[in-house]
Amino acid sequence: FFFLQERPRYLLALLLLLHGTDSFYVPGVAPINFHRNDPVEIKAVKLTSSRTQLPYEYYSLPFCQPNKITYKAENLGEVLRGDRIVNTPFQVSMNVEKKCEVLCNVPNKPVILTVEHSKLIAERIREDYYVHLIADNLPVATRLEFYSNREEEEKKKEKDVQFEHGYRLGFMDGNKFYLHNHLSFILYYHREDVEENQEPTYRVVRFEVIPQSIKLEDLKADEKSMCTLPEATGSAPQEIDPSKENQLLFTYSVHWEESDIKWASRWDTYLTMSDVQIHWFSIINSVVVVFFLSGILSMIIIRTLRKDIANYNKEDDIEDTMEESGWKLVHGDVFRPPQYPMILSSLLGSGIQLFCMILIVIFVAMLGMLSPSSRGALMTTACFLFMFMGVFGGFFAGRLYRTLKGHRWKKGAFCTATLYPGVVFGICFVLNCFIWGKHSSGAVPFPTMVALLCMWFGISLPLVYLGYYFGFRKQPYDNPVRTNQIPRQIPEQRWYMNKFVGILMAGILPFGAMFIELFFIFSAIWENQFYYLFGFLFLVFIILVVSCSQISIVMVYFQLCAEDYRWWWRTFLVSGGSAFYVLIYAIFYFVNKLDIVEFIPSLLYFGYTALMVLSFWLLTGTIGFYAAYMFVRKIYAAVKID
1 FFFLQERPRY
11 LLALLLLLHG
21 TDSFYVPGVA
31 PINFHRNDPV
41 EIKAVKLTSS
51 RTQLPYEYYS
61 LPFCQPNKIT
71 YKAENLGEVL
81 RGDRIVNTPF
91 QVSMNVEKKC
101 EVLCNVPNKP
111 VILTVEHSKL
121 IAERIREDYY
131 VHLIADNLPV
141 ATRLEFYSNR
151 EEEEKKKEKD
161 VQFEHGYRLG
171 FMDGNKFYLH
181 NHLSFILYYH
191 REDVEENQEP
201 TYRVVRFEVI
211 PQSIKLEDLK
221 ADEKSMCTLP
231 EATGSAPQEI
241 DPSKENQLLF
251 TYSVHWEESD
261 IKWASRWDTY
271 LTMSDVQIHW
281 FSIINSVVVV
291 FFLSGILSMI
301 IIRTLRKDIA
311 NYNKEDDIED
321 TMEESGWKLV
331 HGDVFRPPQY
341 PMILSSLLGS
351 GIQLFCMILI
361 VIFVAMLGML
371 SPSSRGALMT
381 TACFLFMFMG
391 VFGGFFAGRL
401 YRTLKGHRWK
411 KGAFCTATLY
421 PGVVFGICFV
431 LNCFIWGKHS
441 SGAVPFPTMV
451 ALLCMWFGIS
461 LPLVYLGYYF
471 GFRKQPYDNP
481 VRTNQIPRQI
491 PEQRWYMNKF
501 VGILMAGILP
511 FGAMFIELFF
521 IFSAIWENQF
531 YYLFGFLFLV
541 FIILVVSCSQ
551 ISIVMVYFQL
561 CAEDYRWWWR
571 TFLVSGGSAF
581 YVLIYAIFYF
591 VNKLDIVEFI
601 PSLLYFGYTA
611 LMVLSFWLLT
621 GTIGFYAAYM
631 FVRKIYAAVK
641 ID
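Reminder that position 120 of the sequence shown reads as 120 in the numbering used here, one-by-one numbering, no gaps.
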């Protein structure tokens, strides 16, 4: 945290406040106390690869199996993430060392892999798969030590340590495949304070693994399932030849170490995996830039408006000397309902639904209630919140539809409840069919899909109807000027008033404020990293709302000054301009950061990216639309119109 020491204290205080949110724990995620010799269960979560984006179940490969396989009951988020948590035959006891033990039941009899299994393992090694295990709900990590680019003297002393999630299934050397068949578990415990005559209790605070590939001949196993590891220098790795049967032993060893880390901060190791310095710097940078630009924009707009309003309201203007110009000229048409008012109000309703959901999720996560230790909680919360926020989406959509002179409220409510969720469900269903075809655990099971449909039609749809009914019955928004019966002609517009140019101009500022955060979010989604800096995400979300609102107001002001009163749809489209940049960034990320070459992983990436871009466009478009609508109502209420 060298970067922090250089900065003023108030800045440090702010960062600590934001950073301190990740070690707070919710009641319900209680620590488990172990006595010596108590069993510590090792469970498997899944196999993942950032090259294929297809998670697989642990037992999709021919690993050693326990006598009875039991799967953990999972929440919605875990199922959607592709987690399939299952027991394993590893026998680990608290604070009991194991030098080397054969995993499969039959002592000193090697496991024979068929040609099919050998091919499958070789393919998974080629695709760079990682295995994810958990002990006491703590994921396994592989320690990576390397020298950073420091001075030569320091190099000798200090190594940088980073942790990688899970462990590699194996490695390639030329065209040969080698499997990691020996796992050295290193578990760290924290001794809890107990009274003198009580048995000491321990808590698991870190779970590391050193995977090794050791040839069958070098692993000497005896009748009691014990084995002896060869000297590090003299052992050959265990090759897997995909063209024939292979014989090997699966073995493991367990080593316990005492640690000063307390249970509450045991996740810190996993959460400080990437360089934090750039994160702090970029956030502060975007805060400063955005508020600086916002200040300038606000000043210009307010000064220009004051001048406009003062000119328009001068009593002594003689009608024939001064003709109306600028935005006052379109006062008779500015509130003319647009084309397709039902679709516009439906999209804005979904935007409100998304806005409420994202705001609550980020806020709750910032308080530490959705920490990575409660697996799948974030996704489960987001799904349920989106369903329940339908009542707000429906209310705003209904009121706007009434304001836009709409009459068919039932059809409007149905459109709001099904348009955006229907597109999302359709895309996900198509992608899911491809994942099913690959037999991946990332495929949403049929019962879960039925449950999601029941939630959509049983919770979301009725709530949207309820909100829409009350919104439609409520007094419509009060527009300060009357609309003329005959629409006025719109003068020819300059090239820079084109919609696409507007989208490009309006998207830069909001995207610039959040693109570093976007990098971390993309890493979390596509490269199996943990995302936990929700304090910063909340800050970035506020900056996004501010910048979208201000850009939208500036764009609508320019449009009205150019005597173009068709601002309803245009504001919605232009305010979502940053979604276009998110799409460009996603393509850049795909080309430069990810090593995806196959068709189905590419299809998954761009399918999910399309959903993200659509949702982001709805969110930013809605924020911009409501800011512009409030602005237009304010300025026309401030001028005197005969």
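Here a beta-carbon is modelled for each residue, glycine too, at the ideal position from N, C-alpha and C.
Treat the numbers as computed from the prediction; the structure is a model and nothing was measured.
Asked	Found
Nearest to W617 by CA position, among E223, A73, G507, I516, is which residue?	G507
Is L466 helix, strand or coil when you go by DSSP?	helix
Just to check my reading of the structure: S441 and E123 have Cβ atoms closer than 8 Å, yes? What is that Cβ distance to the nearest angstrom?	So it is not a contact: roughly 16 Å between Cβ atoms.
Quick one: grab the DSSP three-state call for H439.	coil
Excluding the 5 residues preceding and the 5 following E78 in the sequence, name in chain order all residues of the same chain whose CB lies nearer than 6 Å to its CB.	R375, G376
Tell me, please, whether the segment 240–253 touches the segment 180–197 by the rule of three or more beta-carbon pairs shorter than 8 Å.	yes
Which of helix, strand or coil does DSSP assign to P337?	coil
Using only the alpha-carbon positions, how far apart do C100 and Q53 sit?	34 Å
For S253, which three-state DSSP category applies?	strand
Going along the chain, which residues of its own chain have a beta-carbon closer than 8 Å to the beta-carbon of K634, five neighbours each way excluded?	none
Taking the C-alpha atoms as reference points, what is the distance between I362 and G576?	20 Å
Just tell me which of S93, F500, A443, G393 has its CA closest to the CA of M643.	Summary: the structure shown does not reach residue 643, with the chain confined to residues 1 through 642, and so no result is reported for it.
Would you kindly work out how many angstroms separate the C-alpha atoms of D22 and G368, rounded to a whole number?	With a pLDDT of 38 at D22, under the threshold of 50, the modelled position of this residue cannot be trusted, and the question is left open.
Tell me where the beta strand (DSSP E) around R482 begins and ends.	That residue, R482, is in no beta strand (DSSP E); it is neither H nor E in DSSP.
Straight-line CA distance for T228 to P211?	16 Å
Determine the closest residue to P200 out of R570, M455, A397, N37, with distance taken between C-alpha atoms.	N37
Cutting at 6 Å between CB atoms, please list the residues of its own chain near W327, excluding the five before and the five after it.	L560, C561
May I ask which residues mark the beginning and end of the beta strand (DSSP E) holding Y58?	Segment: none, Y58 is in no beta strand (DSSP E) and carries neither H nor E.
Jot down the residue ranges of each uninterrupted alpha helix (DSSP H) in the segment 57–119, minimum 4 residues, whole runs only, in chain order.	76–81
Express the C-alpha separation of P462 and I240 in angstroms, rounding to a whole number.	57 Å
Hey, how far is the Cα of F590 from the Cα of I521?	14 Å
For Q247, does the count of other Cβ atoms within 10 angstroms reach 16, so buried, or fall short, so exposed?	exposed
Kindly list the residues whose CB is nearer than 6 Å to the CB of V60, restricted to its own chain and excluding five residues on each side of it in sequence; keep chain order.	Inspection of the sequence shows that residue 60 is occupied by Ser rather than by Val. Cβ neighbours of S60 beyond the five flanking positions: none.
Let me check understanding here. Comparing Cα to Cα, which of L453, F472, F396, W409 lies closest to I623?	F396
Helix, strand or coil: how does DSSP classify G170 here?	strand
Quick check on the DSSP output: the alpha helix (DSSP H) that includes N197 runs from which residue to which?	Neither: N197 is in no alpha helix (DSSP H) and is coded neither H nor E.
Flag this pair as yes or no: are the beta carbons of L611 and T380 separated by less than 7 Å?	no
How would you label Q529, buried or exposed, when you count the other beta carbons within 10 angstroms and need 16 or more for buried?	buried
Round the Cβ separation of T416 and G351 to the nearest angstrom and send it over; I've been treating them as touching at under 8 Å.	About 10 Å separates the two Cβ atoms, so there is no contact after all.
With a threshold of 8 Å, are at least 3 pairs of Cβ atoms found where one atom belongs to the segment 598–612 and the other to the segment 411–430?	yes
Tell me S184's beta-bridge partners as DSSP assigns them.	I210, S253
Residues in its own chain within less than 7 Å of K220 by CB, not counting five upstream and five downstream?	C227, T228
Mind checking which residues open and close the beta strand (DSSP E) that includes T380?	No beta strand (DSSP E) holds T380; the alpha helix (DSSP H) holding it covers 377–388.
Terminal residues of the continuous beta strand (DSSP E) containing E164?	160–165
Cα separation between L385 and V364?	12 Å
Can you list, in chain order, the residues of its chain whose CB lies under 8 Å from that of G332, leaving out five sequence neighbours each side?	V481, R482, T483, N484, R488
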